[in-house]
Amino acid sequence: MSRISKDQVKHVAHLARLSVSEEEVDMFTEQLDAIIGFAEELNELDTENIEPTTHVLELKNVLREDTVRESVSREDALKNAPEQRDGQFKVPKAF
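Those letters in the sequence shown? Residues 1 to 95, per UniProt numbering, in order.
Put into structure tokens, the structure is as follows:
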């Protein structure tokens, strides 16, 4: 017994705005049925004593600590600017 119908495959293809032939519908129906079957096998595993995880690898913050330090001077920041006015970058107007 198939866990997914050809009509469901056609519906998903329509939602994804995909044009599929009847041969492709048959192929995708078989493939998706196999995927669903594998997922059902995973449901049979005993996970009673398994701690839930949000990620398979341990994550840690790789960013540096924020520290106050001297920044680039206004003059240095503006010295290569194509145009500047009143100590600020001058850019084209956005519409």
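The C-beta atom is built at its ideal place from N, Cα and C for all residues, glycine as well.
Check                                                                                                                                                        : Outcome
Taking Asp-76 as the reference, which of Thr-67, Arg-69, Ala-34 and Gln-88 has the closest Cα?                                                               : Gln-88
Take the Cβ of Val-9 as the centre, count every other Cβ of all protein chains shown within 10 Å, and call the residue buried at 16 or more, exposed below.  : buried
Which residue comes first and which comes last in the alpha helix (DSSP H) that contains Ile-35?                                                             : 22–43
In this structure, how does DSSP classify Arg-74 when only helix, strand and coil are distinguished?                                                         : helix
Taking all protein chains shown into account, decide if Thr-29 is buried (16 or more other Cβ within 10 angstroms of its Cβ) or exposed.                     : buried
Using 8 Å as the threshold, is the region 30–49 in touch with the region 3–20, meaning 3 or more CB pairs across them?                                       : yes
Tell me which residues share the same chain as Ala-13 and place their Cβ nearer than 6 Å to its Cβ, disregarding the 5 neighbours each side in the sequence. : Val-20
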